[in-house]
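Asker: Please find one structure pasted underneath; my questions will follow.
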């Protein structure tokens with residue numbers, strides 16, 4: 001025995017050549033205990049005190065003593081040697097890790113003790129709120145694990161002084177007391193504990209996006225995420241609330257939100273540093289500090305803007321980065337051209353524009369007599385009076401023989417800061433004699449068969465004495481070129497010799513010594529058919545009645561013609577739509593497998609749009625996927641409205657193969673464009689993290705959504721969800737594409753209850769032949785959703801997707817219940833092979849359950865196509881009466897009671913209360929019924945809804961399900977001989 005102990009000690013001293021007390025640990029680990037850092041004795045408690053664990057000192061390569069424990073009682077059986085550490089305070093950790101470095105002797109190298117020698121030891125822990133428990137029973141310790149060595153030493157290793165050090169790490173949690181003890185149990189091994197270190201993990205202090213996140217201890221389990229709000233660094237402010245999640249491994253996940261440096265500061269080396277003199281930063285959202293623009297300056301550090309030099313200015317709309325400017329000089333070379341009472345003004349641009357691009361011109365008109373005054377609103381300018389961009393303007397409707405002064409002002413955005421006469425040029429002129437203005441209106445009175453009496457007012461601007469008026473008129477149905485003229489000196493005229501019941505068009509104009517003015521607008525009047533005045537002034541009742549009857553007949557004819565043309569148009573459009581649909585089906589796209597590309601990145605570039613990372617704003621982490629975090633956020637693309645999106649990120653440290661597999665889903669999704677297929681917005685591949693961006697579905701996965709809203713939807717709503725899924729699958733099938741993992745968990749629901757097929761991770765392309773299949777490359781198959789031939793032979797077709805769709809229909813009608821309930825996968829395979837099919841859920845229409853059974857036909861050729869399924873569901877939706885008769889097959893089978901046909905609820909309903917509850921899927925309430933005194937079915941039929949609430953059955957959907965089953969139960973019990981049903 002002593003010789004064996006010497007063997008262990010010799011090995012430890014031999015290994016000291018490679019041991020050192022200078023140890024560094026990752027920054028995300030906080031050490032609670034490290035036996036290598038203790039200089040004196042460890043003084044751990046050994047039991048038994050003699051002949052068990054023994055504390056031994058060895059020297060490391062710097063001649064620093066290291067305390068170790070060893071035991072080597074391999075010659076005697078039934079060893080039970082315990083070694084307990086001192087009390088270890090857990091601090092703020094809920095989950096700790098134990099790292100053990102040890103050596104262990106190979107039992108095969110000790111043939112004379114092979115029967116009693118072991119090569120493992122046990123690790124235990126015991127929680128306690130106080131330090132100093134001296135006597136702790138073995139039964140009080142909880143076992144962590146049995147620890148075995150990866151490397152063991154032999155006699156030859158001892159001679160060669162070869163170090164074979166094992167390192168094993170185990171986690172302990174969840175801890176709730178203030179501290180704990182560790183214990184090591186030896187059961188007959190030759191072992192030496194070189195070091196024991198206890199630590200917990202944290203996410204270390206970090207600065208991301210100018211927000212500081214403190215040291216944060218990880219959560220209690222491996223899947224927990226601890227949300228931490230960051231605080232902005234000095235001289236910065238929140239732009240969006242900064243958050244990060246601390247993962248269970250002590251690493252920070254994707255940062256959300258950010259801080260921005262305050263105006264006058266810029267980001268440098270993760271800090272906000274002040275802008276130097278001569279520089280400025282005006283907005284927190286701006287870039288770095290910028291040099292003051294031309295003609296401006298700053299005289300202190302941290303400036304948010306630069307002041308303009310004397311004589312230079314900025315307008316209110318000028319950005320701080322724009323140079324200071326000044327007003328322009330006056331326009332040059334102003335010339336005028338008078339045409340009667342109109343003036344054309346033209347000029348050249350000023351010599352000095354002020355350094356701006358917004359140069360414009362304003363026109364000031366003054367009418368001058370004894371003194372000048374501004375022109376009134378009657379004067380017209382073309383194109384306008386203010387903010388002219390071109391150096392010309394026409395002025396109209398001036399008074400004849402009048403003196404006018406026109407000023408042309410050159411202006412820009414800063415003219416108002418220093419207006420002055422040096423910015424304008426003027427010209428004075430006199431207008432000529434002018435023709436009269438337009439006659440403003442024309443009226444008619446005394447209409448007869450052959451005569452119209454017209455009158456009109458004087459023009460607003462006669463511009464002299466009106467010498468005469470000229471009236472031009474012609475029949476409306478004839479060309480204007482065949483007109484007639486009547487002249488008169490008064491403002492009225494009788495037009496004679498007209499045709500009865502004929503419309504005429506009239507124009508009138510005035511003439512002065514300067515000539516004719518322009519013709520007025522056109523006015524239309526119609527002669528009468530009878531030698532009586534116009535209607536309202538003595539028109540005969542027979543004429544009025546005839547006119548009304550004629551109008552009614554004409555209206556009826558026009559209405560009938562419109563209806564007939566509308567119906568023909570609808571028929572034509574329906575026929576055209578049908579032909580277009582057939583054409584699209586014949587030339588539809590075919591899915592291209594991205595794995596067929598020699599370079600998978602080419603498939604990503606071809607089928608997925610690259611998005612600039614700056615357009616994406618991550619708001620929160622909503623889950624963890626296979627490759628990284630899943631977040632929700634917003635996407636704002638140029639020219640489009642901001643929209644909510646889902647964002648999958650690829651975690652740091654990925655391999656090229658992981659990146660390819662991650663982006664392959666985007667290569668698949670990018671080929672689809674259908675309202676019931678999840679839409680890919682694009683990918684981010686040119687920076688980190690790599691992201692897949694898709695539309696955001698507010699209600700999440702269909703199975704969880706249904707369970708959350710159990711019983712809240714009508715049958716039509718549920719059928720509408722199924723129809724949307726079938727439409728999406730028809731689209732995939734038409735593209736020669738097999739999904740392979742169709743289930744309610746892979747259907748997403750938006751706020752409008754639109755269901756969309758997602759999760760294309762298991763999907764693969766079909767071969768070219770019509771009955772093409774795909775043989776999987778291995779991997780897990782979702783047994784409960786998969787067709788028998790796909791399970792047995794790993795052959796997948798659109799027909800196997802139809803089988804899966806039938807399971808999805810069952811999930812929808814049962815509000816997210818687990819298919820085949822608590823049966824094992826092997827029981828499911830056996831039952832389906834023997835002919836068992838899921839019964840219709842409670843209140844499921846018979847027509848829907850029959851469609852499920854059609855999808856579950858053994859021969860895949862007998863199953864309906866997705867196009868047929870869509871048509872069937874459309875018919876059910878159009879005829880809701882077909883959905884009223886419900887299925888009564890509601891029993892849940894167990895592996896021991898399966899039969900080749902669906903179990904009949906009638907038989908089960910006449911059993912015990914427990915069996916009856918199982919048939920309706922509510923066996924969880926067995927104790928509720930028993931405690932309330934409902935021992936048999938005769939008592940159950942008396943139950944009322946308020947009694948169920950008192951019993952603790954609070955779910956309204958479960959109450960409705962129980963009452964519906966009771967009604968069926970009463971119906972069945974009436975047909976059972978010898979049983980009395982209470983009325």
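Numbering (full-length UniProt numbering), first residue to last: 1 to 983. C-beta: ideal position from N, C-alpha, C; glycine also.
I need the DSSP call for residue 645, collapsed to helix, strand or coil.
Answerer: It is a strand residue.
Asker: Look at the alpha carbon of residue 773 and the alpha carbon of residue 671, and state the distance between them as a whole number of angstroms.
Answerer: Low per-residue confidence applies at residue 773: pLDDT is 45, beneath 50, and the placement is therefore not dependable, though the value from the model is reported in the following sentence. Those two C-alpha atoms are separated by around 20 Å.
Asker: Does DSSP put residue 614 in a helix, a strand or coil?
Answerer: In this structure, residue 614 counts as helix in the three-state DSSP scheme.
Asker: Let me confirm a value: residue 922 is counted as buried when at least 16 other C-beta atoms fall within 10 Å, else exposed. Which label applies?
Answerer: Label assigned to residue 922: buried.
Asker: Which residue comes first and which comes last in the beta strand (DSSP E) that contains residue 396?
Answerer: 392-396 is the span of the beta strand (DSSP E), which, as asked, contains residue 396.
Asker: Spatial neighbours of residue 130 within its chain, please: CB distance less than 7 Å, with the 5 preceding and 5 following residues excluded, ordered by chain position.
Answerer: Excluding sequence neighbours, residue 130 sits near nothing in its chain.
Asker: For residue 694, which option in 406, 688, 667 and 292 has the closest C-alpha, if you only look at C-alpha atoms?
Answerer: Considering only alpha carbons, the answer is 667.
Asker: Is it buried or exposed for residue 79, if we count other Cβ within 10 angstroms and need 16 for buried?
Answerer: It counts as buried.
Asker: Distance, Cα to Cα, residue 864 vs residue 805?
Answerer: Distance between the alpha carbons of residue 864 and residue 805 is about 11 Å.
Asker: Please list, in chain order, all residues of the same chain as residue 47 whose beta carbon is under 7 Å from its beta carbon, the five residues on each side excluded.
Answerer: Cβ neighbours of residue 47 beyond the five flanking positions: 82.
Asker: For the beta strand (DSSP E) holding residue 87, just list the boundary residues, first then last.
Answerer: Per DSSP, residue 87 belongs to no beta strand (DSSP E) and is neither H nor E.
Asker: Give every residue of the same chain whose Cβ lies closer than 8 Å to the Cβ of residue 600, excluding the five residues on either side of it in the sequence, and list them in chain order.
Answerer: Once the five neighbours on either side are set aside, the close Cβ partners of residue 600 are 594, 660, 663, 664 and 667.
Asker: In the DSSP assignment, what are the bridge partners of residue 211?
Answerer: DSSP, once it has assigned bridges, lists 208 and 232 as partnering residue 211.
Asker: Thinking C-alpha only, which one of 966, 499, 681 and 224 is nearest residue 613?
Answerer: Ranking 966, 499, 681 and 224 by Cα distance to residue 613 puts 681 first.
Asker: So what does DSSP say about residue 568, is it helix, strand or coil?
Answerer: Unreliable placement is indicated for residue 568, whose pLDDT of 47 sits below 50; the coordinate value is still reported in the next sentence. Helix at residue 568.
Asker: Applying the criterion that 16 or more other CB atoms from any shown protein chain within 10 Å of the CB defines a buried residue, is residue 319 buried or exposed?
Answerer: When all chains shown are included, residue 319 counts as exposed.
Asker: I'd like the list of long-range same chain contacts for residue 366, defined as Cβ closer than 8 Å, with 5 residues on each side in sequence excluded.
Answerer: Closer than 8 Å at Cβ, skipping near neighbours: 372, 373, 374, 375, 404, 405, 406 and 407.
Asker: In chain order, what are the residue ranges of uninterrupted alpha helix (DSSP H) at least 4 long that sit wholly in the stretch 265-308?
Answerer: The stretch 265-308 contains no whole alpha helix (DSSP H) run of 4 or more residues.
Asker: Taking C-beta to C-beta, are residue 101 and residue 195 nearer than 7 Å?
Answerer: In this structure, residue 195 lies closer than 7 Å to residue 101 by Cβ.
Asker: Spatial neighbours of residue 570 within its chain, please: C-beta separation below 6 Å, excluding the five flanking residues on both sides.
Answerer: Confidence at residue 570 is low in this model, with a pLDDT of 44, below 50, so the placement of that residue should be treated as unreliable; the coordinate-derived value is given next. None.
Asker: Could you give the DSSP three-state label for residue 627: helix, strand or coil?
Answerer: DSSP places residue 627 in coil when its eight states are reduced to three.
Asker: Can you give the beta carbon distance from residue 473 to residue 483, rounded, assuming they're within the 8 Å contact cut?
Answerer: Contact holds; Cβ gap of about 6 Å.
Asker: Rounded to the nearest angstrom, how far is the Cβ of residue 305 from that of residue 280, given a contact under 8 Å?
Answerer: Indeed they touch by this definition, with Cβ atoms about 6 Å apart.
Asker: For residue 507, does the three-state DSSP call read helix, strand or coil?
Answerer: Correct three-state label for residue 507: strand.
Asker: How many whole angstroms separate the CB atoms of residue 690 and residue 610, which I take to be in contact at a CB cut-off of 8 Å?
Answerer: Between residue 610 and residue 690 the Cβ distance is about 11 Å, and since that is not below 8 Å, they are no contact.
Asker: Rounded to whole angstroms, what's the CA-CA distance from residue 643 to residue 636? Just pull it up for me.
Answerer: Distance between the alpha carbons of residue 643 and residue 636 is about 7 Å.
Asker: So residue 505 and residue 471 are in contact, right, with Cβ under 8 Å, and what is the actual spacing, rounded?
Answerer: At roughly 11 Å, the Cβ-Cβ gap does not stay under 8 Å, so residue 505 and residue 471 are not in contact.
Asker: If the criterion is Cβ atoms closer than 7 Å, does the pair residue 294 and residue 321 meet it?
Answerer: No, these two residues do not count as a Cβ contact at 7 Å.
Asker: Looking at the structure shown, is residue 447 part of a helix, part of a strand, or coil, going by DSSP?
Answerer: Three-state result, residue 447: coil.
Asker: Please determine, among 457, 432, 741 and 288, the residue with the shortest C-alpha to C-alpha distance to residue 444.
Answerer: Of 457, 432, 741 and 288, the residue nearest in Cα terms is 457.
Asker: Could you please give the first and the last residue of the uninterrupted alpha helix (DSSP H) stretch that includes residue 1006?
Answerer: No information on residue 1006 is available, as it lies outside the stretch 1 to 983 that the chain covers here.
Asker: Which residues in the same chain as residue 419 place their Cβ atom closer than 8 Å to its Cβ, once the five residues preceding and following it in sequence are excluded?
Answerer: Around residue 419: 327.
Asker: Helix, strand or coil for residue 634, going by three-state DSSP, please let me know.
Answerer: The answer is strand: DSSP assigns residue 634 an E or B state.
Asker: Classify residue 924 as helix, strand or coil using the three-state DSSP reduction.
Answerer: It is helical.
Asker: Hey, quick one: how far does the alpha helix (DSSP H) through residue 600 stretch, first residue to last?
Answerer: Where residue 600 is concerned, the enclosing alpha helix (DSSP H) stretches over 600-607.
Asker: Please confirm whether residue 619 and residue 638 have their CB atoms less than 7 Å apart.
Answerer: Result no, Cβ atoms of residue 619 and residue 638 do not sit closer than 7 Å.
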